[in-house]
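Numbering (the working numbering), first residue to last: 444 to 788.
Glycine included, C-beta positions come from ideal geometry on N, C-alpha and C.
Okay, so here's the structure we're looking at.
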């Protein structure tokens with residue numbers, strides 16, 4: 444992040460249906476830059492917004508300008524995402540702040556992480572004899588790089604809460620406070636987990652896709668094939684190459700197509716399931732997914748139309764399956780077609 448001086452004015456866009464950003468002064472000790480997520484006073488409430496740009500002056504008298512409260516220490520929006528916001532608002536005539544609301548669609552993701560009870564290793568003295576359960580707890584904590592949540596430790600060691608409490612009284616384990624997010628699964632798809640065989644037609648398409656992905660060359664490519672012709676397997680190899688390049692992939696599917704069977708096919712190829720984004724997610728799942736996407740931890744995201752609006756850290760490939768499907772059209776809270784917006788993303 445670029446350090447700045449207090450002479451600058453921050454132009455902050457808030458997630459409300461306004462067409463412009465608003466001017467705020469910057470506290471002397473606060474370092475921000477375009478893309479910083481900041482908390483600002485807006486009317487009678489405080490809102491998280493995004494710094495769109497910095498200016499040396501404002502059309503509002505300085506003594507009437509309000510000041511930023513806080514800059515988020517963990518997350519920011521990339522310049523590429525800011526450019527997309529502006530382009531989409533201009534193209535669709537959706538107010539700029541309303542487009543931002545689609546990006547900051549999980550407000551709780553910006554809240555401080557919740558604390559939960561966790562365990563880490565204590566001390567084993569020579570005069571203490573461990574039961575089989577206690578030995579298993581000790582071995583797991585050494586292997587898994589603690590702290591582990593109480594729930595995770597119970598599941599891995601196959602023990603009850605009472606067993607953990609006894610181990611704690613012995614000094615074998617000790618409790619610590621940990622962020623709830625640190626105990627979520629973060630498996631990484633492996634591009635070399637398995638391999639597939641391809642027909643000559645598939646191989647011809649693959650060579651084009653892989654070359655474009657390797658060089659990160661922007662191009663819109665239409666793959667035509669009837670159901671069962673092997674398009675998904677071709678997509679998978681493009682995803683594998685994008686993973687090797689260290690970039691994120693977004694796969695858009697009609698929500699009806701986002702099935703367990705599709706995810707199983709992905710898992711057989713890459714060794715784990717991708718991050719999914721859909722309407723049935725719980726608030727906690729949405730929070731964790733949003734955080735992993737904005738930081739780049741989520742390397743492959745599979746989702747319905749709204750997944751396009753998430754703030755990807757380093758997006759290198761977008762795949763739109765069944766691009767003719769009507770479910771890619773958004774007709775509420777702003778009209779747009781996800782296929783068209785993906786071309787500009």
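Under DSSP, residue 488 shares a beta bridge with 485.
Beyond the five residues adjoining it in sequence on each side, residue 610 comes within less than 7 Å, by CB distance, of 577, 580, 616 in the same chain, given in chain order. Shown here, residue 540 sits in a helix according to DSSP, grouped into three states. Residue 694 sits in a strand when the DSSP states are folded into three classes. Its Cα nearest to that of residue 691, the residue 741 stands out among 451, 741, 573, 608. From the listed residues 605, 511, 701, the smallest Cα separation to residue 475 is found for 511. In the structure shown, residue 582 adopts helical secondary structure according to DSSP, grouped into three states. Partner residues in the beta bridge of residue 513, as assigned by DSSP, are 482. With contacts defined as CB atoms closer than 8 Å, residue 622 and residue 556 qualify as a contacting pair.
Cβ-Cβ distances below 6 Å link residue 567 to nothing in the same chain once the five nearest sequence neighbours on each side are left out. Of the residues 735, 723, 766, 694, the one whose Cα lies closest to the Cα of residue 760 is 694. Buried is the label assigned to residue 492, since at least 16 other Cβ atoms lie within 10 Å of its Cβ. In the three-state DSSP reduction, residue 639 falls in the coil class, being neither helix nor strand.
Counting C-beta pairs with one atom in each stretch, the stretch 768-788 and the stretch 740-755 have three or more that are closer than 8 Å, which means they touch. Closest in alpha carbon position to residue 460, among 538, 605, 522, is 538.
Under the three-state reduction of DSSP output, residue 777 falls in the coil class, being neither helix nor strand. Within the model, the alpha-carbon separation for residue 716 versus residue 631 is close to 9 Å.
Here residue 565 is actually not in contact with residue 590; their C-beta atoms are around 12 Å apart, not less than 8 Å. For residue 679, DSSP assigns no beta-bridge partner whatsoever.
Look at residue 764 here: in three-state DSSP terms it is coil, with no helix or strand label. The C-alpha of residue 663 is placed about 25 Å away from the C-alpha of residue 708. Segment contact: the stretch 648-658 against the stretch 587-601, fewer than three CB-CB distances shorter than 8 Å; contact not assigned. Residue 496 and residue 452 have their C-alpha atoms some 9 Å from each other.
According to the DSSP assignment, residue 606 belongs to the alpha helix (DSSP H) that extends over 604-612. Residue environment for residue 582: exposed (fewer than 16 other C-beta atoms within 10 angstroms of its C-beta). Under the three-state reduction of DSSP output, residue 527 falls in the helix class.
Secondary structure of residue 670 (DSSP, three-state): coil. Distances from the CA of residue 684 to each of 515, 659, 526 were compared; the closest alpha carbon is that of 659. Between the stretch 524-542 and the stretch 482-490 there are fewer than three inter-stretch CB-CB distances shorter than 8 Å, so the stretches are not counted as touching.
Within its own chain, no residue has a Cβ closer than 8 Å to the Cβ of residue 703 once the five positions on either side in sequence are excluded. DSSP links residue 618 through a beta bridge to 562. Only residues of its own chain outside the window of five on either side were considered, and among them 713, 714 have a CB closer than 7 Å to the CB of residue 633, listed in chain order.
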